[in-house]
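Trainee: These protein sequence lines map, in sequence, to chains Z and D.
Under our numbering, read the first sequence as residues 3 to 365, first letter to last.
Under our numbering, read the second sequence as residues 3 to 365, first letter to last.
Built from N, CA and C at the ideal position, the CB exists for glycine as well.
Computed from a predicted structure; not experimentally measured.
Protein chains: 2
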Amino acid sequence: MERDYRLTPRKQDILRAVIRDYILTAEPVGSRTLSKKYDLGLSPATIRNELSDLEDEGLLRQPHTSAGRIPSDHGYRLFVDTLMEREAMPDERRNELERWPLRGEDLSDLLQQAAKLTALLSGCTAMVRPPKRANSRVKFIQLTPVGEQDILMVLLTDQGQVSNQLVRLPSPMALDELVLIANFLNEQLRDKPLDQLTETALNEVNGQLASYQDFLRALLGRVQPPSEGERLYVSHQSYLATQPEFSDVGKVGRLLSLLEREPMMIRVMDAIASNGAEVRVAIGSENPVPDLQECSLVTATYRLGDRVLGELAVIGPTRMHYSQAIAAVELMADRLTAALTELYGLESSPLGGHLGRRRTQGG
Amino acid sequence: MERDYRLTPRKQDILRAVIRDYILTAEPVGSRTLSKKYDLGLSPATIRNELSDLEDEGLLRQPHTSAGRIPSDHGYRLFVDTLMEREAMPDERRNELERWPLRGEDLSDLLQQAAKLTALLSGCTAMVRPPKRANSRVKFIQLTPVGEQDILMVLLTDQGQVSNQLVRLPSPMALDELVLIANFLNEQLRDKPLDQLTETALNEVNGQLASYQDFLRALLGRVQPPSEGERLYVSHQSYLATQPEFSDVGKVGRLLSLLEREPMMIRVMDAIASNGAEVRVAIGSENPVPDLQECSLVTATYRLGDRVLGELAVIGPTRMHYSQAIAAVELMADRLTAALTELYGLESSPLGGHLGRRRTQGG
DNA sequence: GGTTAGCACTCAGGAGGGCTGAGTGCTAAC
DNA sequence: GTTAGCACTCAGCCCTCCTGAGTGCTAACC
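Printed below as a string of structure tokens:
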């Protein structure tokens, strides 16, 4: 598998030409085409010999005897790793991007925007996995009375998620009580993982607060609804649907169904992405899921500070425009990281000892 | 167009049978099939005569001379209006639904959930249009200091949207100032439409607050990012992609691209939906957009109190399972309305005169 | 008059056959 | 090592034929 491909420069040129042409046309590439279209200075016959060698090495294959060559997954891999020139994002696209600033009202909005821009830049269907709630920790909690018997709870996490819950109180509550509860919650829950809120808090309930136990349970229970796992932000599925390789009856449907199985796609993205900043590519059979054998994924992580929050990816046929896709994913992951840092990147734990000792305006 | 179709009961039975069979099989229905499969007590020849009449009336058509009949858009219309038995949701499905409670952490979550459940119930691709921001009015605004130089602004609207903005202050600000600003904002902006915040607020800036003008502009500018219109929550596009009528090369792609043009789809849904509670159906050529000629949409509105917030819809081929789709859309619109009312349906303006006079816990 | 059997007719879709052209591998000459 | 020439392969297209589902029409039946 991990063969060491030592190719003569000429073979490299030819392989590069084949892949480039195939990415463009989606048609098997023949020796005559290569000789005419690319400036190789070789006759078709010579090219044929080289193509035959490349096929023997497992870098190319023939769909049938009398057809041209198409790249194999190994061929694409070599291309991505060593042959492809990592072309910078074209200026026009970059300018276009400036006109579409990455702004969102909240995290969810931002991620959806990021998916959309990535899709537009790469020309591929794009996906963004949101931060795992299980990894989020409470940053602070605020309770605000709204009317006589309702309160608004605002919970901010260290990963930018904000949870707003409007809750009806079981009975009117004095402001003192509310302050007491809020302070209790902040003390107990600060830096606690989001998926352990209820137990953590309720284990400590005692004395004066015991009578609020049910209320607390209801309040905290709302923060993390028992949804079936995280969702996935997907954009421009039509890009996938218009690829000629998926025009067969049923293929589009199966692929889209796969994308809609969000927990599975999230697992796939997790499996592919690195922990660091670099872009990772999974080509065809390298994918952990059999149904993705004809697809490639390009993934990168986005971060807040030095913590990886989630992944951003594009998916397309193995015959995807890798350099463009990689550039798009890389750029957008950086922009998303920057946007998050600007929006949510407060200095660590700035609330320090102030919490609960300050008084603020009513509301 | 608005013909008065007076059909004999027998013709009605036959039309109903044709449509039911076609919805099931997606194949043109012939007289022999009808005679054998459905308990009409008629020979194929007789049925042929009736079919011929129904075709003359414009309710059926033949794809080609030697094929069976398929319903025309008018035929579907008659079916939906008068022939179809409005079957109740099957019990199993209803039970299934109970196990998937409609819960969400916030509005966006809730709408996405609603789209998903509608799709699962109806077997069609589902869409939910969120409340128009332009129609939302400010319910209350709260500013909370977070650390030395950051504040968290929470803005609650009367349509359930909550906007959280973490903003860095230009310079450290005394708590008094913050209270002043918050009170000012609440007084000025309560019940003001969300898309006029900046002007409304800034026109009134004066005296003591004048120096905060830039800060206020930045703060309020964040509430409504200049996104290209509202987004649309879509679920299970694969249902559309697996319909046999769209298996032609390119059709799926074109349809999905259409769905991705969110502003246009929102306009379409707006155009179809009623202002009241009832479910509306747009069949094939009744759709305002030419590219939707082969599709039907079933829409209903969801509400908060007596205000229409948005629409919920399913889209499928004109050969869709109307009774199931209508039941699903109706049920889910009701559930969504109920969920919203529970989450955000506070009594009107409960904050009354309290605002700004109360003191609450620090945060 | 409504219903039905019988019959001739139509036509999409599949199967089979031949042609074309793009592409190959091999060999021999340069 | 490179190239020209040649025989060979085979997917895709076109044409034709055949089949079967389905029709409309007519005449007989109840």
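1. Quick one: using the 10 Å Cβ neighbour count with 16 as the cut-off for buried, is Asn97/Z buried or exposed?
2. Between Ser74/D and the rest of its own chain, which residues show a CB-CB distance below 7 angstroms, the 5 nearest in sequence each way excluded?
3. Check whether chain D comes within 8 angstroms of Lys13/Z, counting only Cβ atoms and requiring the distance to be less than that.
4. Are the C-beta atoms of Gly355/D and some chain Z residue less than 8 angstroms apart?
5. Would you mind stating whether Asp259/Z and Ala128/Z have Cβ atoms separated by less than 8 angstroms?
6. Going by the DSSP bridge assignment, what does Asp197/D pair with across the sheet?
7. Could one say the Cβ of Glu262/D lies closer than 8 angstroms to chain Z's Cβ atoms, at least one of them?
8. So, using beta-carbon positions, are Met155/Z and Leu333/Z closer together than 8 angstroms?
9. How about Lys13/D and Leu56/D: do their beta carbons lie closer than 8 angstroms?
10. Given His76/D, which residues of its chain have a CB within under 7 angstroms of its CB, disregarding the five upstream and five downstream residues?
11. Taking only beta-carbon positions, decide if Asp108/D is within less than 8 angstroms of chain Z.
12. Short check: CB of Leu211/D to CB of Thr202/D, under 8 angstroms?
13. Between Leu342/Z and Gly162/Z, how many whole angstroms is the CB-CB distance? I'm expecting something under 8 angstroms.
14. How far does the alpha helix (DSSP H) with Val148/Z in it extend, from its first residue to its last?
15. Does the beta-carbon distance from Ser249/Z to Val251/D come in below 8 angstroms?
16. Which chain D residues sit within Cβ distance under 7 angstroms of Ala243/Z?
17. Quick check on DSSP: helix, strand or coil for Leu61/Z?
18. Show which residues of chain D have a CB atom less than 8 angstroms away from the CB atom of Tyr346/Z.
19. With the cut-off set at 8 angstroms, would you say Leu199/D and Val225/D are in Cβ contact?
20. Within its chain, find whatever has a CB closer than 6 angstroms to the CB of Gly365/Z; leave out the 5 residues flanking it on each side and keep chain order.
21. Against chain D, which members of the segment 137 to 150 of chain Z pass a CB distance test of less than 9 angstroms?
22. Name the chain D residues that come within less than 9 angstroms of His66/Z, Cβ to Cβ?
23. Counting C-beta neighbours from all protein chains within 10 Å, is the total for Pro292/D 16 or more, i.e. buried, or is it exposed?
24. Tell me the DSSP bridge mates of Val31/Z?
25. Count the other CB atoms, across all protein chains shown, that sit within 10 Å of the CB of Ala19/Z; report buried if there are 16 or more and exposed otherwise.
26. When you compare only the Cα positions, how much space is there between Tyr324/D and Val82/D?
27. State buried or exposed for Gly278/Z, treating a residue as buried only when at least 16 other CB atoms are found within 10 Å of its CB.
28. Between the C-alpha atoms of Arg8/Z and Thr84/Z, what's the straight-line distance to the nearest angstrom?
29. Tell me the DSSP bridge mates of Pro319/D?
30. Buried or exposed: Gln114/D, going by 16 or more other Cβ atoms within 10 Å of its Cβ?
31. I'd like the span of the beta strand (DSSP E) that includes Gln379/Z, first residue to last.
32. Given that His238/Z touches chain D, what residues does it touch there, using C-beta distances under 8 angstroms?
33. Near Leu257/Z, what residues of its chain come up, given a Cβ to Cβ distance below 7 angstroms and the 5 sequence neighbours on each side ignored?
34. If I measure Cβ to Cβ from Arg164/D and keep anything under 6 angstroms in the same chain, skipping five residues before and after, which residues do I get?
35. Would you verify that the beta carbon of Ser124/D is, or is not, closer than 8 angstroms to some beta carbon of chain Z?
36. If the criterion is Cβ atoms closer than 8 angstroms, does the pair Ile274/D and Cys297/D meet it?
Mentor: On the basis of the data shown:
1. exposed
2. Gly60, Leu61, Leu62 and Arg63
3. Not one beta carbon of chain D lies nearer than 8 angstroms to the beta carbon of Lys13/Z.
4. Note that Gly355/D has pLDDT 31, beneath the 50 cutoff, so the model's placement of it is unreliable and no number is given.
5. This sequence places Ser at residue 259/Z; Asp is not what is there. Contact check for Ser259/Z against Ala128/Z fails: the beta carbons are separated by 8 angstroms or more.
6. Beta-bridge pairing links Asp197/D to no other residue.
7. yes
8. Not closer than 8 angstroms, so no.
9. yes
10. Gly60 and Leu61
11. yes
12. Not closer than 8 angstroms, so no.
13. 6 angstroms
14. First-last for Val148/Z: Val140 to Val148, but that is the beta strand (DSSP E), not the alpha helix (DSSP H).
15. In this structure, Val251/D lies closer than 8 angstroms to Ser249/Z by Cβ.
16. Ala243, Val254, Gly255 and Leu258
17. coil
18. Leu168
19. yes
20. Only weak support exists for where Gly365/Z lies, its pLDDT of 31 falling under 50; the value from the coordinates is given anyway. These residues qualify, in order along the chain: Thr146.
21. Within the segment 137 to 150 of chain Z, the qualifying residues are Lys141, Phe142, Ile143, Gln144, Leu145, Thr146, Pro147, Val148, Gly149 and Glu150.
22. Under the 9 angstroms cutoff, chain D gives no residues; its nearest Cβ is about 21 angstroms from His66/Z.
23. exposed
24. As DSSP reads the structure, Val31/Z sits in a beta bridge with Arg71/Z.
25. Around the beta carbon of Ala19/Z, 16 or more other beta carbons sit within 10 angstroms, so the residue counts as buried.
26. 7 angstroms
27. exposed
28. Cα to Cα, the separation comes out at about 11 angstroms.
29. Cys297/D
30. With 16 or more neighbouring CB atoms inside 10 Å of its own CB, Gln114/D falls in the buried class.
31. The question about residue 379/Z has no answer, for chain Z in this structure spans 3 to 365.
32. Glu262
33. Leu242 and Phe248
34. Here the sequence assigns Val to residue 164/D, which means Arg is not the residue at that position. Counting only Cβ-Cβ distances below 6 angstroms, and skipping sequence neighbours, we find Leu158.
35. no
36. no
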